[in-house]
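Undergrad: So the sequences go chain by chain: H and X.
If you read the first sequence in this note's numbering, its first letter stands for residue 12, the second for the next number, and so on.
If you read the second sequence in this note's numbering, its first letter stands for residue 12, the second for the next number, and so on.
Heads up, the beta-carbon is just placed ideally off N, CA and C, and yes, glycines get one too.
Pasting a structure below so you can have a look.
Protein chains: 2
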Amino acid sequence: MTLNGIAARSERKDCLAADETDSLARFKGRFILPPGVIYLDGNSLGPRPVGALERIQEVVTEEWGVGLIRSWNTAGWFDLPGRLGDKLAKLIGAGKGQTVVTDTTSLNLFKALASAIRIQQVDHPEKRVIVTERDNFPSDVYIAEGITDFLNSMSQEAGVRYEVRLIDDELPLSEALDESTAVIALSHVNYRTGAMWDMAEVCAQAHAVGALAIWDLAHAAGAVPIDLVGADADYAVGCTYKYLNGGPGSPAFIWVNARHQDRFWQPLAGWWSHANPFAMSDSYTPAPDINRFLCGTQPITAMAMVETGLDIMLDVDVEALRAKSLAMTDLFIALVQQRCGDHSLELMTPSEHARRGSHVSFSHPEGYAVMSALIARGVIGDYREPGVLRFGITPLYLSYVDIWDAVEILRDILDTRSWDAPDFKRRNAVT
Amino acid sequence: MTLNGIAARSERKDCLAADETDSLARFKGRFILPPGVIYLDGNSLGPRPVGALERIQEVVTEEWGVGLIRSWNTAGWFDLPGRLGDKLAKLIGAGKGQTVVTDTTSLNLFKALASAIRIQQVDHPEKRVIVTERDNFPSDVYIAEGITDFLNSMSQEAGVRYEVRLIDDELPLSEALDESTAVIALSHVNYRTGAMWDMAEVCAQAHAVGALAIWDLAHAAGAVPIDLVGADADYAVGCTYKYLNGGPGSPAFIWVNARHQDRFWQPLAGWWSHANPFAMSDSYTPAPDINRFLCGTQPITAMAMVETGLDIMLDVDVEALRAKSLAMTDLFIALVQQRCGDHSLELMTPSEHARRGSHVSFSHPEGYAVMSALIARGVIGDYREPGVLRFGITPLYLSYVDIWDAVEILRDILDTRSWDAPDFKRRNAVT
């Protein structure tokens, strides 16, 4: 199957033909999407798996309704964070017992940063810089700022201060990393542009200066092959409601390299992180394992649906998923450039496969209005400041002909300037 | 209705008569409980409200399934933390715009402690003691330890250290509070004993030495009348899955007195706490309101069911609820003392109404086995170390005759020593 061939020929029937031979096409039946919608926003909120409703009904009526408090044992609620973590591990190249599903990505990043900082305080107290990216997902920058600000509030007398250093066009990674770097925290795939870091290469660069590497996999887990252990990463966090289809706001995850797990606990040390939570001890002893990265009681209903999404992903050949993702993003880029080339769309996503995640972004001076017009026509992508049209290309429930049809609608909107209407420009909401 | 009269007469028919005239009896129809169960563990996990299944089906099929990413706007997902917070406000004596439903109780306690500590660092930098209770819910003690340990990791050179001071039999509150106290963090109702602090009195004592007062309302919200503004509290956190019937592990809440809201943000400062999250700015500006106590994206399915539980509570006359709770706990205590008095049960819950929450605890040398035997007979309470039988008395779905019947089963188990069986003693699980 020569996908670049499809793009070059630019015929709808070639897309239909490619769908005929697509080994992943059968996965479309495992999701329920509304009619008339081409959903290009699975990188923001994955759609509803077929089994999600049945699972949540079971949790509400049987586990909660009948089992009541007993379900902590009888329905396995206690084990959910670790059980889901071990399922997820297969998608991110983690070993067993290294991952828990819990809390939010931002909170888990705080835990990872706090733990990494403590290790450095002991091993290399002079390392007090957190390197991250100006164009990182903003919450990740804010969490880094929050933790440094909180620690620095203690240091007025000591003169010991933590610092956040942002890499950008002026300050590339190679210059930002130095002996003062305690930790580097990057998103594997950039939320805005879809650009992807070479995880192993960055880990090696970080370790060369004695820094620890934390990865945010929010836009990568379930989208691209990931090998955390192979890349020798130190920590990773991420989200289950995007490519893992866990449901709106479903709990996030944290992975910790086995070499760090018993060194330090993290300060969000609620009872679930205790060695023996139900001993009800009045002093803290951290769990001897990854459970020390838990905090409080998790939302069981939301956790349960994470499993439904993960179980689909575990049936998928990740290499086939990546091949289809690249073929589709190639096709999408080529079609937009061919058919919408005379409009002011600028590709923001890297052309090089090794540098590309699974979403494609174009900037446009009227990006917000164009995306609003697309959504009104049933092509649901999303908009990110400034001027960015973002399209999630999710191979499990999208077909090649969906890509063709989406670009045709985009072309029509641009050719007819139908985006140029007050309704589409009104920023009453975020798309 | 003279409930002490009922207890004194000790006849089942008097309980039936009391149920006939109970103005809250109609609320039992708003919950679904399994047949053959007397549920005395609503202080640990409230039962399923009638509307919960329908609500979650709507969220999964319509809001998630059809609305997809658009539901952040069209289904009001963005506003959920504040909207639920304002509903909850009526139950805890909070003003509008002072409460959000989010994260877990432990995480929210961390935020409250961090914010309070920052205020004291500026106003009274010499105040570096967190006073809490040895018998507080352990997670609260661990969070206080975690935050002090994390801050102290910065202070090796400066000699400035935070400290957790635990009040207990040796060190009463009046002696623990002094000019070094930065903050006092207590549970309004004790998770083990059901003992209740006088909130206004403790706040006054704290303020008299310049300390701030944080309250954990986990075992109080929905159980007893609470007036945070009236008591002049500084912060409060709590849980929605106990007396508020929000579902297993449903998100918690945080309330911040209006006078503190714009002073400091907290270090778990994810994008949801930003003044303009979707501006995607690379630097942090806290929201001008209670939203600065949010962090990341919330589990929408679990949040939605919190509302179902809250909507029931908002129909309840809280004074009537409290009156029935006290009548029932009086009855329960009296019946146990009358009918099980020759066994080794020791009442741990205060007799004085003003000092009692809505659960009753007895210690017993074989508490675990006794509770296991009770659960096997359909009387579901729970067990807490060491040796504590804990019974949640929830007036909305319990009748006086339920109390009578539960005590009869307890009496039978004790009289026949049916708890003395290997199955009931095996600690394979927490009840």
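1) Smallest Cα separation from Ser284(H): which of Asp293(H), Arg145(H), Pro299(H)?
2) State the Cα-Cα distance for the pair Ile154(H) and Thr143(H), rounded to the nearest angstrom.
3) Rounding to the nearest angstrom, what Cα-Cα distance links Glu137(H) and Arg172(H) in this structure?
4) My output table needs one value for Met291(H): the three-state DSSP class, helix, strand or coil.
5) Using the Cβ count rule (16 or more neighbours within 10 Å means buried), how would you classify Gly40(X)?
6) Have a look at Ile141(X) and Arg176(X) and give me their C-alpha separation to the nearest angstrom.
7) Can you give me the C-alpha to C-alpha distance between Asp30(H) and Lys335(H), rounded to a whole angstrom?
8) Going by DSSP, what residue range makes up the beta strand (DSSP E) through Ser336(X)?
9) Skipping 5 residues on each side, what residues in its chain have a beta carbon closer than 6 angstroms to that of Arg23(H)?
10) Is Gly258(X) close to chain H, meaning its C-beta is less than 8 angstroms from at least one C-beta of that chain?
11) Taking Cβ positions only, does Leu285(X) come closer than 8 angstroms to chain H?
12) To the nearest angstrom, report how far apart Ala440(X) and Asn84(H) are at their CA atoms.
13) Alpha carbon to alpha carbon, what distance is there between Tyr50(X) and Gln68(H)?
14) Rounded to whole angstroms, how far is the Cβ of Ile103(X) from the Cβ of Ala232(X), which I believe are closer than 8 angstroms?
15) By the three-class DSSP mapping on this structure, what secondary structure does Thr442(X) have?
16) Per the DSSP calculation, Arg401(H) is bridged to which residue(s)?
17) Any idea if Arg367(H) is buried or exposed, counting beta-carbon neighbours within 10 angstroms, 16 or more meaning buried?
18) For Arg1(H), name the three-state secondary structure that DSSP assigns.
19) Could you name the residues that DSSP lists as bridge partners for Pro60(H)?
20) If we cut at 8 angstroms on Cβ distances, does Leu56(X) have a partner in chain H?
21) What is the rounded straight-line gap between the Cα of Asp25(H) and the Cα of Thr32(H)?
22) On a Cα-Cα basis, can you pick out the residue from Asn54(H), Ala28(H), Leu27(H), Leu44(H) that is closest to Ala404(H)?
23) I want to know whether the segment 356-370 of chain H touches the segment 195-206 of chain H - three or more CB-CB distances under 8 angstroms.
24) My guess is that Leu79(H) and Ile43(X) are in contact by the Cβ rule of under 8 angstroms, so how many angstroms apart are they, rounded?
25) Kindly list the residues whose CB is nearer than 7 angstroms to the CB of Pro92(H), restricted to its own chain and excluding five residues on each side of it in sequence; keep chain order.
26) Excluding the five sequence neighbours on either side, which residues of its own chain have a C-beta within less than 8 angstroms of the C-beta of Pro288(H), listed in chain order?
27) Around the Cβ of Ser185(H), are there at least 16 other Cβ atoms within 10 angstroms (buried) or fewer (exposed)?
28) Residues of the segment 384-396 of chain X with a CB closer than 8 angstroms to any CB of chain H: list them in chain order, please.
29) Can you pull the chain H neighbours of Arg37(X), defined as C-beta to C-beta under 9 angstroms?
30) For Phe38(X), collect the residues of the same chain with a Cβ closer than 6 angstroms to its Cβ; drop the 5 residues on either side in sequence, then sort them by chain order.
31) Given this structure, state the Cα-to-Cα distance separating Asp52(H) from Leu95(X), to the nearest angstrom.
32) With 8 angstroms as the threshold, decide whether the Cβ of Glu22(H) is near any Cβ in chain X.
33) If you draw a straight line from the alpha carbon of Gly221(X) to that of Met207(X), how long is it in whole angstroms?
34) Assuming Gly62(X) and Asn256(X) form a contact by the criterion Cβ under 8 angstroms, report the distance between their Cβ atoms to the nearest whole angstrom.
35) Can you tell me whether DSSP reads Ile237(H) as helix, strand or coil?
36) Compare the Cα-Cα distances from Phe121(H) to each of Ile225(H), Gly87(H), Asp97(H), Leu188(H) and report the closest residue.
TA: According to the data block:
1) Here residue 284(H) refers to the residue found at position 273 of the first sequence. Answer by Cα proximity: Pro299(H).
2) Reading the first sequence from its first residue, position 143 is the one you call residue 154(H). Reading the first sequence from its first residue, position 132 is the one you call residue 143(H). Cα-Cα distance, rounded: 11 angstroms.
3) Locating residue 137(H) in the first sequence gives position 126, counting from the first residue. Locating residue 172(H) in the first sequence gives position 161, counting from the first residue. Straight across, the Cα-Cα distance linking Glu137(H) with Arg172(H) is about 10 angstroms.
4) Numbered from 1 along the first sequence, position 280 holds the residue referred to as residue 291(H). Here Met291(H) sits in coil by DSSP.
5) Sequence index remark: in the second sequence, residue 40(X) carries index 29 (1-based). Gly40(X) should be labelled exposed.
6) Within the second sequence, residue 141(X) is the residue found at index 130, counting from 1. Within the second sequence, residue 176(X) is the residue found at index 165, counting from 1. Roughly 6 angstroms between the two C-alpha positions.
7) Here residue 30(H) refers to the residue found at position 19 of the first sequence. Here residue 335(H) refers to the residue found at position 324 of the first sequence. One C-alpha to the other measures close to 11 angstroms.
8) Here residue 336(X) refers to the residue found at position 325 of the second sequence. Here Ser336(X) belongs to no beta strand (DSSP E); instead the alpha helix (DSSP H) covers 329-350.
9) Position 12 of the first sequence holds residue 23(H). Cβ neighbours of Arg23(H) beyond the five flanking positions: Trp415.
10) Locating residue 258(X) in the second sequence gives position 247, counting from the first residue. Gly258(X) counts as touching chain H.
11) Taking the first residue of the second sequence as position 1, residue 285(X) is located at position 274. Per the sequence shown, the amino acid found at residue 285(X) is His instead of Leu. Output row for His285(X): interface = yes.
12) On the second sequence, position 429 is the one that residue 440(X) refers to. On the first sequence, position 73 is the one that residue 84(H) refers to. Reliability of the predicted coordinates at Ala440(X) is poor, the pLDDT of 49 falling under 50, and the value obtained from them is presented with this limitation in mind. Those two C-alpha atoms are separated by around 7 angstroms.
13) Numbered from its first residue, the first sequence carries residue 68(H) at position 57. Numbered from its first residue, the second sequence carries residue 50(X) at position 39. Whole-angstrom Cα-Cα distance: 21 angstroms.
14) Translated into the one-based positions of the second sequence, residue 103(X) becomes position 92. Translated into the one-based positions of the second sequence, residue 232(X) becomes position 221. Contact holds; Cβ gap of about 6 angstroms.
15) Within the second sequence, residue 442(X) is the residue found at index 431, counting from 1. In this prediction, Thr442(X) scores a pLDDT of 43, lower than 50, which makes its location untrustworthy; the coordinate-derived value is nonetheless stated afterwards. Thr442(X): coil per DSSP, three-state reduction.
16) In the first sequence, counting from the first residue as 1, residue 401(H) sits at position 390. For Arg401(H), which the question treats as bridged, DSSP gives the partners Ser372(H), Asp393(H).
17) Stepping through the first sequence from its first residue, residue 367(H) is reached at position 356. Classification of Arg367(H): buried, given that the 10 Å Cβ count is 16 or more.
18) Limits of chain H in this structure are 12 at one end and 442 at the other, which puts residue 1(H) out of reach.
19) As a working note, residue 60(H) is residue 49 in the first sequence. Phe42(H).
20) Within the second sequence, the letter at position 45 stands for residue 56(X). Yes, contact with chain H.
21) The sequence position of residue 25(H) within the first sequence is 14, counting from 1. The sequence position of residue 32(H) within the first sequence is 21, counting from 1. For Asp25(H) and Thr32(H), the distance between alpha carbons rounds to 11 angstroms.
22) For the purposes of this step, residue 404(H) is taken as residue 393 along the first sequence, with counting starting at 1. Note on residue identity: the sequence assigns Ile, not Ala, to residue 404(H). For Ile404(H), the nearest C-alpha among the options comes from Asn54(H).
23) yes
24) Here residue 79(H) corresponds to residue number 68 of the first sequence, with the count starting at 1. Here residue 43(X) corresponds to residue number 32 of the second sequence, with the count starting at 1. So it is not a contact: roughly 11 angstroms between Cβ atoms.
25) Walking along the first sequence from the start, residue 92(H) turns up at place 81. Correct list, in chain order: Val111, Val112, Thr113, Leu305, Gln309.
26) One-based indexing of the first sequence puts residue 288(H) at position 277. The beta carbon of Pro288(H) sits closer than 8 angstroms to the beta carbons of Trp282 from its chain, once the five residues preceding and following it are set aside; these are given in chain order.
27) Taking the first residue of the first sequence as position 1, residue 185(H) is located at position 174. The residue is exposed, with fewer than 16 neighbouring Cβ atoms inside 10 Å.
28) Ile386, Ile391, Asp393, Arg395, Glu396
29) For this step, residue 37(X) is matched to residue 26 along the second sequence. The contacting residues do not exist; Arg37(X) stays about 20 angstroms from chain H at best.
30) Numbered from its first residue, the second sequence carries residue 38(X) at position 27. Contacts found: Leu407.
31) Numbered from its first residue, the first sequence carries residue 52(H) at position 41. Numbered from its first residue, the second sequence carries residue 95(X) at position 84. Cα to Cα, the separation comes out at about 27 angstroms.
32) On the first sequence, position 11 is the one that residue 22(H) refers to. By this cut-off, Glu22(H) is not an interface position.
33) For this step, residue 221(X) is matched to residue 210 along the second sequence. For this step, residue 207(X) is matched to residue 196 along the second sequence. In a straight line, the C-alpha of Gly221(X) is about 23 angstroms away from that of Met207(X).
34) One-based indexing of the second sequence puts residue 62(X) at position 51. One-based indexing of the second sequence puts residue 256(X) at position 245. Actually they are not in contact, since the Cβ atoms of Gly62(X) and Asn256(X) sit about 10 angstroms apart, beyond 8 angstroms.
35) Taking the first residue of the first sequence as position 1, residue 237(H) is located at position 226. Three-state result, Ile237(H): coil.
36) On the first sequence, position 110 is the one that residue 121(H) refers to. That would be Ile225(H), whose Cα lies nearest to the Cα of Phe121(H).
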